[in-house]
Amino acid sequence: MAGFTSSPVAMLAFSIITGALGQILLKWGMRIVSAGGKEEVGTAAVVAAIKAIGNPWVLAGFLLYGLSSIVWLMILKKVPLSTAYPMISAGYIVVVLLSALVLREQVRWGITVPGLLLISVGVTLIGLGLSGGR
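Residue numbers for the sequence shown follow my numbering, so the first one is 1 and each next one is one higher.
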């Protein structure tokens, strides 16, 4: 684990990927929980929330998202926040791609791809500064 924690780039990649996978699992679980399609309010909303938290996919999503957060804390010890935080936007790219591939969500590629390319350019420019120190 020492080799892993010494590389901010590897830690960022791990945090981004586990966070994105966590989001996919949360969505997958909520699809199952809300399969009835009825919007709950009041007490029924509380019951629905408890049901959601007990869903294994939702639990797995929270677990991955929590793991991502723990790694994020390790990143903050090594990388300036002004560099590390914008890198998290790479997760948007991963989530969009996984949403289309795994969840079979409709993605408006004509508008989404240019947006993802802009994010990629920004992340690349900021990433070039990772080797520049604090």
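Yeah, the Cβ is synthetic: ideal placement off N, Cα and C, and Gly gets one too.
- A distance below 8 Å separates the beta carbons of serine 120 and isoleucine 93.
- Assigned with DSSP and collapsed to three states, glycine 54 falls in coil, not helix or strand.
- A Cβ-Cβ distance of about 11 Å is found for the pair alanine 84 and leucine 73, leaving them out of contact under the 8 Å criterion.
- Short of 7 Å from the beta carbon of leucine 116, and not among the five residues preceding or following it, lie these beta carbons of its own chain, in chain order: Ile93 and Val96.
- When Gln23, Ile50, Ala20 and Gly22 are compared, the shortest CA-CA separation from valine 33 is found for Ile50.
- Counting the other Cβ atoms within 10 Å of the Cβ of threonine 18 gives 16 or more, which makes it buried.
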